[in-house]
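First to last, the protein sequences are chains D and R.
Residue numbers for the first sequence follow the working numbering, beginning at 38 and rising by one.
Residue numbers for the second sequence follow the working numbering, beginning at 2 and rising by one.
Yeah, the Cβ is synthetic: ideal placement off N, Cα and C, and Gly gets one too.
Treat the numbers as computed from the prediction; the structure is a model and nothing was measured.
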Amino acid sequence: MAEFEPKIVAFVCNWCTYAGADLTGTSRIRYAANVRILRLPCTGRIDFMLVLQAFGQGADGVIVSGCHPGDCHYAAGNFHARRRWMMFRRLLDFLGIDVRRITFSWVSAAEGAKWAELVNSVVADVRALGPYAGFPQRLPDDLVTIGGQAPAAVEVAS
Amino acid sequence: MSTLVDRARALLEAGTVQVVIGFGAGSEPGRVRPVFVRKAEACDSLVADARHRPNLCTYLLKPEIRAMGRPAIVVGAAGLRTLLQLAVENQITDGAVHVLYLDADGAVCELPTLAAIEERAAMLPPDAVVSAPAPGATGAATSAASAGPVGIEQVDALPLDERWAFWQNELSRCIRCYACRAACPLCYCSRCIVDVNQPQWIPVAADAFGTLEWNVVRAMHLAGRCVECGSCADACPVGIRIDLLNRVLASEARSHFGAEPGRSLRREYALSTFRPDDTADFIR
Numbered sequence: 038m039a040e041f042e043p044k045i046v047a048f049v050c051n052w053c054t055y056a057g058a059d060l061t062g063t064s065r066i067r068y069a070a071n072v073r074i075l076r077l078p079c080t081g082r083i084d085f086m087l088v089l090q091a092f093g094q095g096a097d098g099v100i101v102s103g104c105h106p107g108d109c110h111y112a113a114g115n116f117h118a119r120r121r122w123m124m125f126r127r128l129l130d131f132l133g134i135d136v137r138r139i140t141f142s143w144v145s146a147a148e149g150a151k152w153a154e155l156v157n158s159v160v161a162d163v164r165a166l167g168p169y170a171g172f173p174q175r176l177p178d179d180l181v182t183i184g185g186q187a188p189a190a191v192e193v194a195s
Numbered sequence: 002m003s004t005l006v007d008r009a010r011a012l013l014e015a016g017t018v019q020v021v022i023g024f025g026a027g028s029e030p031g032r033v034r035p036v037f038v039r040k041a042e043a044c045d046s047l048v049a050d051a052r053h054r055p056n057l058c059t060y061l062l063k064p065e066i067r068a069m070g071r072p073a074i075v076v077g078a079a080g081l082r083t084l085l086q087l088a089v090e091n092q093i094t095d096g097a098v099h100v101l102y103l104d105a106d107g108a109v110c111e112l113p114t115l116a117a118i119e120e121r122a123a124m125l126p127p128d129a130v131v132s133a134p135a136p137g138a139t140g141a142a143t144s145a146a147s148a149g150p151v152g153i154e155q156v157d158a159l160p161l162d163e164r165w166a167f168w169q170n171e172l173s174r175c176i177r178c179y180a181c182r183a184a185c186p187l188c189y190c191s192r193c194i195v196d197v198n199q200p201q202w203i204p205v206a207a208d209a210f211g212t213l214e215w216n217v218v219r220a221m222h223l224a225g226r227c228v229e230c231g232s233c234a235d236a237c238p239v240g241i242r243i244d245l246l247n248r249v250l251a252s253e254a255r256s257h258f259g260a261e262p263g264r265s266l267r268r269e270y271a272l273s274t275f276r277p278d279d280t281a282d283f284i285r
């Protein structure tokens, strides 16, 4: 049987981690191809709802990463994000969500090697945890009916 | 010592306020309902109910109530904290609300300014705000919610998978009526994220994903702001202890950031500020 390949969604900031991941590529460092990178302006702009949306659409793990403290392009976006993560992580844990599936990190534009290491280690951890089967999935909006169940079959007009 | 009714009547007669927001007799003995008294002769319908549930401050920001004119409001300890937090968030201005503070012994004092509210709130003991849903606040609360854990510690003590099962079971009863939002005095956004439909952030149907997301969003948007009045859980028609989600974040904000919402007029919102030395040991 083929090894479980986890789907990892990475929300990264434009100025540090995205550039860092670019550096990983231009440095020709090989790393796990399980990660889908989504670039946002700043970690301060990464709404916690995006993390839930990722899990609700099939992600097995999530990475949220941005500039090191003191390096934020917008001076303080990552400081605000850090406080929000502290709250969010506690709430998820309280709700019984395994916080090992969410990795928060600081990766600078110069840390191409750290990005590769981080992704590899997250992929290994999530692979060991297995598929995130228990998390409720977001149904396509046009399939949601009263009661929140998708109809058994969808008629497609020919 | 003049009674609540006397004070309310005098305020309406003098024209100091145009409406008194308080409690009147409910549909059965022992229950109360919010009343909005606009005539001095109708003040007899006011009841000095020291339970102060639900939190009447919710009504202060409603356009319909604002249109009535300057209000007086009957509040207890949770109400004082709510008013201070609303003032910190620039939702009420100094002197805009005339407060009739009713303490646990039934004594009334008038607090016409924010400074007076702050001074009185500073005299409250730390545990002045009641922490559990009002007994019998909702029909469902007594029957459906009594089986599971009843406090943060009990929920935290469960193993991870049981905690998940507990909350999924609780939230499966949610019908997404948003009574929790309507009852919360600090949920006052004129356009809530749950009503935004381009894009549809949170699915409208009461499915497992949308319900989880709604409850996470509600708790997160109140993190560091919630004064823990418990009105949300009182209002829940299916008896989910949603106040626990707020309380766990309130306690987290208190221990990490020293957030004490509703304690004074000078507090800042914990999540719109930061300290460079905030410690989060989980960041890699």
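Backbone CA spacing between residue i and residue j [nearest angstrom]
i: cysteine 230/R; j: histidine 53/R; result: 9 angstroms
i: proline 160/R; j: glycine 70/R; result: 52 angstroms
i: histidine 99/R; j: proline 113/R; result: 5 angstroms
i: phenylalanine 275/R; j: glycine 211/R; result: 31 angstroms
i: lysine 151/D; j: aspartate 162/R; result: 32 angstroms
i: alanine 68/R; j: proline 127/R; result: 35 angstroms
i: phenylalanine 283/R; j: glutamate 29/R; result: 52 angstroms
i: isoleucine 74/D; j: phenylalanine 141/D; result: 14 angstroms
i: leucine 5/R; j: alanine 49/R; result: 7 angstroms
i: alanine 78/R; j: alanine 129/R; result: 6 angstroms
i: proline 204/R; j: alanine 251/R; result: 27 angstroms
i: phenylalanine 24/R; j: alanine 180/R; result: 19 angstroms
i: isoleucine 153/R; j: phenylalanine 125/D; result: 16 angstroms
i: phenylalanine 41/D; j: glycine 167/D; result: 7 angstroms
i: serine 102/D; j: tyrosine 68/D; result: 17 angstroms
Residue range of the alpha helix (DSSP H) that includes residue i
i: alanine 102/R; result: The amino acid occupying residue 102/R in the given sequence is tyrosine; alanine does not appear at that position. From DSSP, tyrosine 102/R is part of no alpha helix (DSSP H) but of the beta strand (DSSP E) over 99-103.
i: proline 72/R; result: Where proline 72/R is concerned, there is no enclosing alpha helix (DSSP H), although the beta strand (DSSP E) it sits in stretches over 72-76.
i: isoleucine 22/R; result: Counting along the chain, isoleucine 22/R falls outside any alpha helix (DSSP H), though it belongs to the beta strand (DSSP E) covering 20-26.
i: phenylalanine 283/R; result: Where phenylalanine 283/R is concerned, there is no enclosing alpha helix (DSSP H), given that its DSSP letter is neither H nor E.
i: arginine 268/R; result: Run containing arginine 268/R: none; DSSP gives neither H nor E here.
i: leucine 246/R; result: 244-258
i: phenylalanine 167/R; result: 161-172
i: serine 232/R; result: 232-236
i: isoleucine 153/R; result: 153-158
Test: residue i CB closer than 9 angstroms to a CB of chain R
i: glycine 171/D; result: yes
i: tyrosine 76/D; result: Checking the displayed sequence, the identity of residue 76/D turns out to be arginine instead of tyrosine. Arginine 76/D does not count as touching chain R.
i: glycine 107/D; result: yes
i: serine 142/D; result: yes
i: arginine 175/D; result: yes
i: leucine 155/D; result: yes
i: glycine 149/D; result: no
i: glycine 98/D; result: no
i: glycine 93/D; result: yes
i: lysine 44/D; result: no
Chain-ordered neighbours of residue i on chain R, where CB pairs are closer than 7 angstroms
i: aspartate 135/D; result: Leu161
i: tryptophan 122/D; result: Ala281
i: arginine 65/D; result: Near arginine 65/D there are no residues of chain R at all, since even the closest Cβ is about 24 angstroms away, more than 7 angstroms.
i: phenylalanine 125/D; result: Met221
i: alanine 113/D; result: Phe275
Closer than 9 angstroms to chain D by CB, residue i
i: histidine 257/R; result: yes
i: proline 35/R; result: no
i: alanine 142/R; result: Low confidence applies to alanine 142/R: its pLDDT is 43, below 50, so where it sits in the model is not reliable, and the reading given next is rough at best. Not one chain D Cβ lies under 9 angstroms of alanine 142/R.
i: leucine 250/R; result: yes
i: arginine 164/R; result: yes
i: alanine 158/R; result: no
i: alanine 146/R; result: Any reading at alanine 146/R is ruled out, since the residue's pLDDT is 48, under 50, leaving its predicted position unreliable.
i: valine 239/R; result: no
i: proline 204/R; result: yes
i: isoleucine 243/R; result: no
i: leucine 213/R; result: yes
Amino acids of chain R, ordered along the chain, whose beta-carbon sits closer than 9 angstroms to that of residue i
i: arginine 138/D; result: Within 9 angstroms Cβ-Cβ: nothing; arginine 138/D doesn't reach chain R, min ~11 angstroms.
i: histidine 117/D; result: Leu272, Ser273, Thr274, Phe275
i: glycine 62/D; result: The contacting residues do not exist; glycine 62/D stays about 21 angstroms from chain R at best.
Amino acids of chain D, ordered along the chain, whose beta-carbon sits closer than 8 angstroms to that of residue i
i: leucine 1/R; result: Here chain R covers residues 2 to 285 and nothing more, so residue 1/R does not appear.
i: isoleucine 284/R; result: Arg119, Trp122, Phe141, Ser142, Trp143
i: alanine 254/R; result: Met124
i: alanine 234/R; result: By Cβ distance, chain D contributes nothing, its closest Cβ being about 15 angstroms from alanine 234/R, past 8 angstroms.
Run of the beta strand (DSSP E) containing residue i, from where it starts to where it stops
i: cysteine 181/R; result: Cysteine 181/R -> not in any beta strand (DSSP E); alpha helix (DSSP H) instead, spanning 180-184.
i: leucine 112/R; result: 109-112
i: serine 158/D; result: No beta strand (DSSP E) contains serine 158/D, which is instead part of the alpha helix (DSSP H) from 149-166.
i: aspartate 36/R; result: The displayed chain sequence assigns valine, not aspartate, to residue 36/R. Taken as a continuous stretch (DSSP letters only), the beta strand (DSSP E) holding valine 36/R covers 33-38.
i: isoleucine 176/R; result: Premise fails: isoleucine 176/R is in no beta strand (DSSP E) and is neither H nor E.
Partners in chain D for residue i, counting only beta-carbon separations shorter than 7 angstroms
i: tryptophan 168/R; result: Leu132, Gly133
i: glutamate 90/R; result: Ordered by position in chain D, no residue passes the 7 angstroms Cβ test against glutamate 90/R, which lies about 17 angstroms from the chain.
Residue i: contacting residues in chain D (beta-carbon distance under 9 angstroms)
i: valine 217/R; result: Phe85, Met86, Leu89, Phe125, Leu128, Leu129, Leu132
Neighbouring residues, chain R, relative to residue i (Cβ below 8 angstroms)
i: glycine 167/D; result: By Cβ distance, chain R contributes nothing, its closest Cβ being about 13 angstroms from glycine 167/D, past 8 angstroms.
Open item on the list: Which runs of the beta strand (DSSP E) at least 3 residues long sit entirely within the stretch 87-115 of chain D? Give them in chain order.
Closed with: As for any beta strand (DSSP E) of minimum length 3 sitting wholly inside the stretch 87-115 of chain D, the runs are 98-103, ordered along the chain.
- [ ] Identify every run of the alpha helix (DSSP H) within the stretch 197-225 of chain R, keeping only runs that are complete inside it and at least 4 residues long; order them along the chain.
- [x] As far as the stretch 197-225 of chain R is concerned, its whole alpha helix (DSSP H) runs of at least 4 residues are 209-222.
Open item on the list: Could you tell me which whole beta strand (DSSP E) segments of length 3 or greater appear in the stretch 46-86 of chain D?
Closed with: 72-77
Task: 3-residue-minimum beta strand (DSSP E) runs that sit fully inside the stretch 41-97 of chain R, ordered along the chain - done: 72-76
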